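Participant:
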Amino acid sequence: MKIALLGFGTVGQGFYEIFADQKQSLIDEFNQPIEIGKILIRANEQHENYKDLPFTDSFEDILSYKPDIVISAMGGVTTALTYASRVMANGSSFVTSNKDLIASHYDELHEIAKKYKVRLLFEGAVAGTIPLIKTIREDLRGNTFKGFEGIVNGTTNYILSSMSNDKIDYNEALLQAQNKGFAESDPTSDVEGKDAIRKTTILINQLFNQSFIDKDISGSGITKLPQRMIEFTQNNTAKIKLLAYAFKRDQIIYTHVRPVIVCSSHPLYFVDYEMNEVLIEGHACGKIRLNGSGAGKLTTGSAVFSDLYDFMLKPNQVTRYNPVEALTLDKSYETNAYFLPHESLKPETIKALVDNKICFDTENNDSLIKASGESKAKEILHSYNESEEVYIVLR
Ligand SMILES: NC(=O)c1ccc[n+]([C@@H]2O[C@H](COP(=O)([O-])OP(=O)(O)OC[C@H]3O[C@@H](n4cnc5c(N)ncnc54)[C@H](OP(=O)(O)O)[C@@H]3O)[C@@H](O)[C@H]2O)c1
């Protein structure tokens, strides 16, 4: 088994360390030699601790090595796409943790994999170490999926948890996340919600056999949180979470990535700092919650390694890709959950709602919050002489 690795940064090194640990047991299990024969790095890159590894700065070297499988741990899209296309055309299966690449060229990459009869695997691209893709594809195969919701971005969850729990402001929380290695030096795609949108795109495609790209999905990040929302969570038993959401009803997928306020009745309330959690709902399995670290060297390396192992288990499998006709995406807000309490609500009403574990959501335009008819919330509003017009949708 010949393996090539593209990129030797955080994920590349994490994967390599796990591979080195497991190599002998793979050889014993599969009874064949297994080797990482080439590792692509930049010409000026130095890796003092890994002096004996087969580094090259030539992509042509990778192709002429004729690997069975190429593991790509590079970021970016343009070069990563060229390399992905060329290695698959060269007959190698392709594994990547690069969600920007998968979410922006989902259909194209699958068609290439199908054409050249190779595998395309990307377990590490969504929610780090959490086994989501294979769980959906294989373990839950008997299900018609209703959808998913969850926290899929560790950087923003770290910032939001710090603001709500530790009562610090956005800039301080971001700095802390960067110092602890949970946020990149340029955190734009995380804090603006793009990273969560990419993961949402991939999950929608997996759950509903679609071929959307990230530009099809809308959402927002955490850079424009209303101060009132932050203060609300700091003064009440509530937290802000960047919720990734997609549920299908009839032939429509309701989807959004947006910050919401959740209170302690909701399981995501307890998912803090760098942790991720995804709830998947299927007609047969019901609701399944998967929780774990969303990013990191060994955690993501572990997900990437699982793709290598999957490839070794099923060496003759090819990519089966037959997306069904595109479903309609409804990107207007419709998560039946969490509204921010209208500013006209009396503090004692808010307290009663929170005490009764009624969750709130955020609408930047507070005045548009509309009543829905959930009985407990209505009961509370009535008992505090509030108008039903102010709010409420419950989860
Ligand atoms: N870190 C995580 O926890 C995590 C989790 C899930 C998914 N991911 C995804 O996995 C991918 C890799 O992430 P990472 O954190 O490992 O990034 P990283 O630490 O920046 O490592 C990527 C490495 O690949 C190198 N590289 C990029 N283009 C190259 C090229 N054309 N030739 C040779 N080397 C090249 C980079 O070099 P330069 O720095 O010189 O460009 C860098 O050394 C990204 O798509 C990321 O979004 C990361």
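Residue 94 in the numbering used here sits at position 63 of the sequence shown, and the numbers go up by one each step.
Built from N, CA and C at the ideal position, the CB exists for glycine as well.
Being a predicted model, the structure only gives us computed values, none of them experimental.
1) Just how far apart, CA to CA, sit Q348 and Y340?
2) Tell me where the beta strand (DSSP E) around D361 begins and ends.
3) From what residue to what residue does the alpha helix (DSSP H) around R507 run?
4) Hey, V108 and L132: beta-carbon distance below 8 angstroms or not?
5) Reducing DSSP to helix, strand and coil, say where H413 ends up.
6) Tell whether a beta-carbon distance below 8 angstroms holds between K328 and V126.
7) Give me the Cα-Cα distance between N396 and R259, rounded to the nearest whole angstrom.
8) Which residues does DSSP list as the beta-bridge partners of H297?
9) Measuring only the C-alpha atoms, how far is I143 from E379?
10) Nearest-angstrom Cα distance between R427 and K145?
11) Got a sec? Which residues, its chain only, sit under 7 angstroms from S135 by beta carbon, not counting five neighbours each side?
12) Taking the alpha carbon of E305 as the point to measure from, which residue in I65, G325, E79 has its own alpha carbon closest?
13) Are the beta-carbon atoms belonging to R289 and G250 less than 8 angstroms from one another?
14) Here's the rule: buried if 16 or more other CB atoms are within 10 angstroms of the residue's CB, otherwise exposed. What is R73?
15) Is N121 near M105, with beta carbons less than 8 angstroms apart?
16) Return yes when the C-beta of T264 is under 7 angstroms from any heavy atom of ligand 1, and no when it is not.
17) Grouping DSSP H, G and I as helix and E and B as strand, with all else coil, what is F176?
18) Taking 7 angstroms as the cut-off, does the CB of I72 come closer than this to any heavy atom belonging to ligand 1?
19) Can we count A326 as close to ligand 1, meaning its CB is less than 7 angstroms from some heavy atom?
20) Let's see if you can read the secondary structure: which residues bound the beta strand (DSSP E) around V355?
21) Run the CB neighbour count on V355, radius 10 Å, all protein chains shown included, and call it buried at 16 or more, exposed below.
22) Any heavy atom of ligand 1 closer than 7 angstroms to the beta-carbon of K230?
23) Going by DSSP, which residues form a beta bridge with P290?
24) Compare the C-alpha of E187 against each of L152, F39, Y201 and name the closest.
25) Tell me whether Y340 sits in a helix, a strand or coil according to DSSP, three-state version.
26) Given a threshold of 16 other Cβ atoms within 10 Å of its Cβ, counted over all protein chains shown, does P64 qualify as buried or as exposed?
27) Are there 16 or more other CB atoms within 10 angstroms of the CB of D217, so buried, or fewer, so exposed?
28) Can you name, in chain order, every residue of its own chain whose Cβ lies under 7 angstroms from the Cβ of T286, other than the five neighbours on each side?
29) Verify whether the separation of the beta carbon atoms of A315 and G212 is less than 8 angstroms.
30) Quick one: what's got a C-beta closer than 6 angstroms to K382's C-beta in the same chain, skipping five residues either side?
31) In whole angstroms, what is the alpha-carbon distance linking F90 and V291?
Facilitator: Let me spell this out:
1) In the sequence shown, counting from the first residue as 1, residue 348 sits at position 317. In the sequence shown, counting from the first residue as 1, residue 340 sits at position 309. Distance between Q348 and Y340, taken at the CA atoms: about 13 angstroms.
2) Numbered from 1 along the sequence shown, position 330 holds the residue referred to as residue 361. Annotation for D361: the continuous beta strand (DSSP E) segment containing it runs 359 to 361.
3) Because the chain in this structure spans residues 32 to 426, residue 507 falls outside the shown range and cannot be described.
4) Taking the first residue of the sequence shown as position 1, residue 108 is located at position 77. Taking the first residue of the sequence shown as position 1, residue 132 is located at position 101. Contact annotation: V108 and L132 have beta-carbon atoms nearer than 8 angstroms.
5) Taking the sequence shown and counting its residues from 1, one reaches residue 413 at position 382. Three-state DSSP puts H413 in a helix.
6) Mapped onto the sequence shown, residue 328 falls at position 297. Mapped onto the sequence shown, residue 126 falls at position 95. In this structure, K328 keeps its C-beta atom at 8 angstroms or more from the C-beta atom of V126.
7) Position 365 of the sequence shown, counting from 1, holds the residue named residue 396. Position 228 of the sequence shown, counting from 1, holds the residue named residue 259. Low per-residue confidence applies at N396: pLDDT is 36, beneath 50, and the placement is therefore not dependable enough to give any value.
8) Looking up residue 297 in the sequence shown gives position 266. Beta-bridge pairing by DSSP links H297 to no other residue.
9) Within the sequence shown, the letter at position 112 stands for residue 143. Within the sequence shown, the letter at position 348 stands for residue 379. Those two C-alpha atoms are separated by around 60 angstroms.
10) Since the displayed the chain opens at 32 and closes at 426, residue 427 lies outside it and no answer follows.
11) On the sequence shown, residue 135 is found 104 positions in, with the first residue counted as 1. For S135, where only same-chain residues beyond five positions count, the Cβ hits under 7 angstroms are V108, I244, D245.
12) The residue labelled residue 305 in the question sits at position 274 within the sequence shown. That would be G325, whose Cα lies nearest to the Cα of E305.
13) Translated into the one-based positions of the sequence shown, residue 289 becomes position 258. Translated into the one-based positions of the sequence shown, residue 250 becomes position 219. In this structure, R289 sits near G250, with a CB-CB distance shorter than 8 angstroms.
14) Taking the sequence shown and counting its residues from 1, one reaches residue 73 at position 42. By the 10 Å Cβ count, R73 comes out exposed.
15) By one-based count along the sequence shown, residue 121 stands at place 90. By one-based count along the sequence shown, residue 105 stands at place 74. Between N121 and M105, the C-beta gap is not smaller than 8 angstroms, which leaves the two residues out of contact.
16) Numbered from 1 along the sequence shown, position 233 holds the residue referred to as residue 264. No - ligand 1 has no heavy atom lying nearer than 7 angstroms to the Cβ of T264.
17) The count along the sequence shown starts at 1 and reaches residue 176 at position 145. F176 falls in the strand class under three-state DSSP.
18) The count along the sequence shown starts at 1 and reaches residue 72 at position 41. Yes, the beta carbon of I72 sits closer than 7 angstroms to at least one heavy atom of ligand 1.
19) Position 295 of the sequence shown, counting from 1, holds the residue named residue 326. Yes, the Cβ of A326 comes within 7 angstroms of a heavy atom of ligand 1.
20) Counting from 1 along the sequence shown, the entry for residue 355 is found at position 324. Taken as a continuous stretch (DSSP letters only), V355 belongs to no beta strand (DSSP E), as it is neither H nor E.
21) Taking the first residue of the sequence shown as position 1, residue 355 is located at position 324. Around the C-beta of V355, fewer than 16 other C-beta atoms lie within 10 Å, and the residue is accordingly described as exposed.
22) As a first step, residue 230 is located in the sequence shown; it is residue number 199 there, counting from the start. If you check the C-beta of K230 against ligand 1, you find no heavy atom less than 7 angstroms away.
23) Translated into the one-based positions of the sequence shown, residue 290 becomes position 259. Under the DSSP definition of a beta bridge, P290 partners with L273.
24) In the sequence shown, the residue the question calls residue 187 occupies position 156. It should be pointed out that residue 187 corresponds to Thr in this sequence rather than to Glu. Distance from the Cα of T187 is smallest, within the candidate group L152, F39, Y201, for Y201.
25) Position 309 of the sequence shown holds residue 340. Reduced to three states, the DSSP call for Y340 is helix.
26) Against the sequence shown, residue 64 aligns to sequence position 33. When all chains shown are included, P64 counts as exposed.
27) As a first step, residue 217 must be located in the sequence shown, where it is residue number 186. Classification of D217: exposed, given that the 10 Å Cβ count is below 16.
28) Residue numbering aside, residue 286 sits at position 255 when the sequence shown is read from its first letter. Correct list, in chain order: T231, I235, I248, Y276, A277, L360, K362.
29) Translated into positions along the sequence shown, residue 315 becomes position 284. Translated into positions along the sequence shown, residue 212 becomes position 181. No, Cβ-Cβ distance for A315 and G212 is not below 8 angstroms.
30) Working through the sequence shown from its first residue, we reach residue 382 at position 351. Leaving aside the five residues that flank K382 on each side, none in its chain has a CB nearer than 6 angstroms to its CB.
31) As a first step, residue 90 is located in the sequence shown; it is residue number 59 there, counting from the start. As a first step, residue 291 is located in the sequence shown; it is residue number 260 there, counting from the start. If you draw a straight line from the Cα of F90 to the Cα of V291, it is about 44 angstroms long.
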